[in-house]
Structures are given as C-alpha cells and as structure tokens.
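Asker: Residue 1 is where the sequence shown starts when you use the UniProt record's numbering, and the numbers rise one by one after that.
Quick reminder that beta carbons are idealized off the backbone N, C-alpha and C, glycines included.
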Amino acid sequence: MQKRAAVDRYLYEAILTPYDDMYEVYFPELNLYTQGTSLADAAYMAQDLLTMDIAERLEAGEDVPHIGSFGAAGAISAGSIAMGIMALVEAGCERTETMTVAEAADILNVSRARIYALVKEGAIRSEKAGCSRLLNAQDVMDRFNSPRNPGRPPKHSDGAKSVLSSTTMGGGNARDRSEKRAGALNQPLCARQTPDMGSLDGHI
C-alpha cells in the first residue's frame with residue numbers, strides 16, 4: 001500500500017474589497033491578487049489561489065510559514081474585509097500538463113476553429129496522441145491569464161500575481177464558467193479546504 005504524502009495547513013490574511021459588482025482579493029504578504037463575483041466566490045477563489053501558490057513555493061524548495069502575518073496591509077479602506085484564508089497543501093502534487101481542444105476552447109471561450117488557428121500560429125504548443133491532438137495546458141493558461149480586455153481594472157500593478165481560479169463548474173455566464181474551468185485545470189491536484197460559505201451569508 002502506497003503511503004500518502006502529508007497535507008499541511010496554511011493560513012494567510014486576504015483583503016477583500018468590493019469593486020463595481022465584484023470583489024477583489026489581495027494577499028498583502030504574498031503579493032497575490034484574484035477576484036470573485038460575490039464575497040463567497042471571492043473567498044473560494046482566494047483559497048484556490050493560495051493553494052496553488054504555496055504548492056509552487058514548496059516545490060521550489062522554499063520554506064513557507066504555516067501562518068502568515070496578519071495586519072501586514074495596515075489600515076484598510078472602508079468597505080474592505082480582512083479575512084483569514086486557509087489552504088490544505090500537499091507538496092509535490094501532480095499538475096495537468098495537457099488538455100484537449102474542446103477543453104481549451106471552453107476555457108478561452110472561443111471556437112475550436114480558433115484554437116486550431118492558435119496552434120497553427122504557434123501560440124499554443126500541441127502534440128498528436130493517436131487520432132487526437134493534445135494541447136500544452138500551460139500555454140492555454142498563460143493565454144487565459146494574459147489580460148486582453150481593456151476594461152479590466154489593473155489593480156495592484158506593483159507586481160501582484162493575478163490568477164483567476166476556481167473549481168466550481170456550474171452557473172454564471174460563459175466567461176464565469178471558463179474562468180472556473182481554467183482554475184480547476186490550472187491548480188495542483190491537492191486536498192483542499194473550502195471556506196465555510198455559511199459564515200459569509202451575512203456579508204453578501
């Protein structure tokens with residue numbers, strides 16, 4: 001029987017700020033940024049992002065404190081919420097390296113023909129697998145996370161890492177669904193702890 005690797009808890013402070021009809025999330029100590037369509041969704045996305053970032057740091061050999069510094073952001077603006085986000089992380093977990101054309105089209109919210117065009121242009125690497133073509137997942141995620149919408153607010157431009165990440169597949173518009181699909185493929189396949197959504201109902 002194969003022994004399962006240990007899973008550790010990590011707790012870091014995030015600042016959630018309402019912006020138009022969304023919530024922006026910023027981890028001041030880790031310099032990470034994401035967003036959500038509601039307070040609960042923003043907290044969930046923040047947990048996904050924290051899990052992914054800490055897993056990457058552990059794989060790189062960094063010594064990551066299990067509990068971060070709270071209050072690092074100083075005074076927060078009116079309407080903002082300081083919240084502790086917990087992630088369960090298993091170092092060395094596997095990542096998705098390839099995906100199908102259909103999955104890439106779903107993530108980028110484009111047609112399959114557009115995906116084939118990007119492959120032909122060399123924007124997305126691919127390889128043949130029998131009768132199918134598999135795409136480089138990192139190329140797809142890099143394209144997804146590269147801002148192409150001029151209306152998207154460039155918050156925390158001082159090097160903050162911006163990743164849209166979630167594993168909730170249902171609901172929302174096409175862009176929401178593609179963002180959530182992207183998060184599921186982009187993050188490590190680790191055990192995760194979802195924030196208690198019931199405790200957030202009073203804020204929504």
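Does the count of Cβ pairs from the segment 6 to 23 and the segment 80 to 88 closer than 8 angstroms reach three?
Answerer: Short answer: they touch.
Asker: Does residue 136 come out as helix, strand or coil in the three-state DSSP assignment?
Answerer: Looking at residue 136 - three-state DSSP - the assignment turns out to be strand.
Asker: Given this structure, state the Cα-to-Cα distance separating residue 161 from residue 144, to the nearest angstrom.
Answerer: With a pLDDT of 47 at residue 161, under the threshold of 50, the modelled position of that residue is not reliable, and no figure is offered here.
Asker: Inspect the CB distances between the segment 96 to 104 and the segment 57 to 77 and report whether three or more fall short of 8 angstroms.
Answerer: Short answer: they don't touch.
Asker: Tell me the rounded alpha-carbon separation between residue 128 and residue 81.
Answerer: Roughly 48 angstroms between the two C-alpha positions.
Asker: For residue 27, is the classification buried or exposed, using 16 other Cβ atoms within 10 angstroms of its Cβ as the cut-off for buried?
Answerer: Buried: at least 16 other Cβ atoms inside 10 Å.
Asker: Keeping to the same chain, check which residues put their C-beta closer than 6 angstroms to that of residue 126; ignore five residues upstream and five downstream.
Answerer: Here the set comprises 119, 133 and 135.
Asker: On the DSSP letters alone, give me the boundaries of the alpha helix (DSSP H) that residue 48 sits inside.
Answerer: Element bounds for residue 48: 39 to 59.
Asker: Can you say whether residue 42 is buried or exposed, counting buried as having 16 or more other CB atoms within 10 angstroms of its CB?
Answerer: Classification for residue 42: buried.
Asker: Which residue marks the beginning of the alpha helix (DSSP H) containing residue 106, and which one marks its end?
Answerer: 101 to 108 is the extent of the alpha helix (DSSP H) around residue 106.
Asker: Please determine, among 130, 50 and 114, the residue with the shortest C-alpha to C-alpha distance to residue 140.
Answerer: Among 130, 50 and 114, the Cα nearest to that of residue 140 is on 114.
Asker: Within this structure, are the beta carbons of residue 7 and residue 59 separated by less than 8 angstroms?
Answerer: No, the Cβ-Cβ distance between residue 7 and residue 59 is not below 8 angstroms.
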